[in-house]
Structures are given as C-alpha cells and as structure tokens.
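Position 76 of the sequence shown, counting from 1, maps to 76 under UniProt numbering, and the rest follow consecutively.
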Amino acid sequence: MNTENNVNKTLLQVYTNGIESLKKRKKGIFRSIPVPERLIESLSLVHALRETKHKNARLWKFTRMTGWRKIKEIMTIANIQGSQATAKGLRHGFGGYAIADCEIPLNMVQKWLGHAELKTTAIYANAVGKEERDIANKMWR
Numbered sequence: 001m002n003t004e005n006n007v008n009k010t011l012l013q014v015y016t017n018g019i020e021s022l023k024k025r026k027k028g029i030f031r032s033i034p035v036p037e038r039l040i041e042s043l044s045l046v047h048a049l050r051e052t053k054h055k056n057a058r059l060w061k062f063t064r065m066t067g068w069r070k071i072k073e074i075m076t077i078a079n080i081q082g083s084q085a086t087a088k089g090l091r092h093g094f095g096g097y098a099i100a101d102c103e104i105p106l107n108m109v110q111k112w113l114g115h116a117e118l119k120t121t122a123i124y125a126n127a128v129g130k131e132e133r134d135i136a137n138k139m140w141r
C-alpha cells in the first residue's frame, strides 16, 4: 500500500474552489470536496501552487500516517477526544454536519465523500433521540 500523502498540487482545483484527492482504496478514483476560496488562496500562497513547474508535485511531503498524527495533535488542542479525534472521525463529522446542520442533499454529500452507493451516505442521516425529535418538529412549525 502506498503510504504517501495523495493530494497533489495539480489536484488542488483552484478554478473550482475544491480539493481533489485519490480515494484510499482504488487507484484513479478521486474525491472532490468544495472548500472556501480563502482556503484555496491560503494553500496556494503557502505552497506556491501557481508557481510550481511540476504538475504532479505533492502538496504535502509526508506519509498518510504522519498526516493522521497531525490531525490527532490538532484535535487534542481543540479538545476533541475519543473516536472523533481521528481522520475518520473528522470525515464522519464532516458528513454528519453537512447533512444535519447544513441540510446538504444526500447526493452531494455522497459525491464529496466518494461513496459509490447512496445507502452508505444515508447512514449519516439516521437521526435518533433528540436529533430525531428536532427533525420531526420541523414538519409541524
């Protein structure tokens, strides 16, 4: 398994305001996640993306494991603990937040998370307890 970080400078899509990365399991399968223009500009400035002469130069020159450790360190500083304090937790938090709080349609979250099947993404929309009651209350306003 290739453990190098798989976000290339050329895959930082400045023109679409998104970040595209290889999907972990399948070579040549990409995920594209829209991000704010200010993030694209900051990454471009810090990493000299527009000046690069090498199309396939890596944006970050560390392994996936190092990336995971960096995420864990940042989450510790942010007082995020347990299973949420992982790269996977960050990804799941993104999916849940997009659906529950931002009301992003499931098909868009499916695209952003790189899910082949909508039923995989639908798991993020499965509310229980107070969250389920809050959703139901929206119908009766």
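A virtual CB, placed ideally from N, CA and C, is assigned to each residue, including glycine.
Restricting attention to Lys72, Ile40, Ile99, Ile123, the CA atom closest to the CA of Gly89 is found in Lys72.
DSSP places Arg69 within a helical segment (H, G or I) once states are collapsed to three. Nearest Cα to Ala100 within the set Ser83, Lys111, Ile40, Ala122: Ala122. The beta carbon of Ser83 lies closer than 6 angstroms to those of Gly89 in the same chain, with the five residues before and after it left out. Sequence-distant partners of Ala87 (beyond 5 residues in either direction) whose C-beta falls short of 6 angstroms from its own C-beta, in its chain, are Trp68, Ile71. Each residue's CA atom was taken as its position, placing Glu103 and Gly96 some 10 angstroms apart. Within the same chain, Cβ atoms closer than 8 angstroms to the Cβ of Leu118 are found at Leu106, Asn107, Gln110, the five residues on either side in sequence being excluded.
If you look at Ile104, you'll find it isn't in any beta strand (DSSP E); DSSP assigns it neither H nor E. A distance of 8 angstroms or more separates the beta carbons of Ile33 and Trp140. For His115, same chain residues with a beta-carbon under 7 angstroms away, outside a window of 5 residues either side, are Thr121 in chain order. Counting only runs of 4 or more residues that sit fully inside the stretch 110 to 136, the alpha helix (DSSP H) segments are 118 to 122, in chain order. Here DSSP, grouped into helix, strand and coil, assigns Arg91 to helix. Apart from sequence neighbours up to five positions away, the residues of its chain that approach Ile80 with a beta-carbon distance below 8 angstroms are Gly89, ordered along the chain. The DSSP-derived three-state label of Ile33 is strand.
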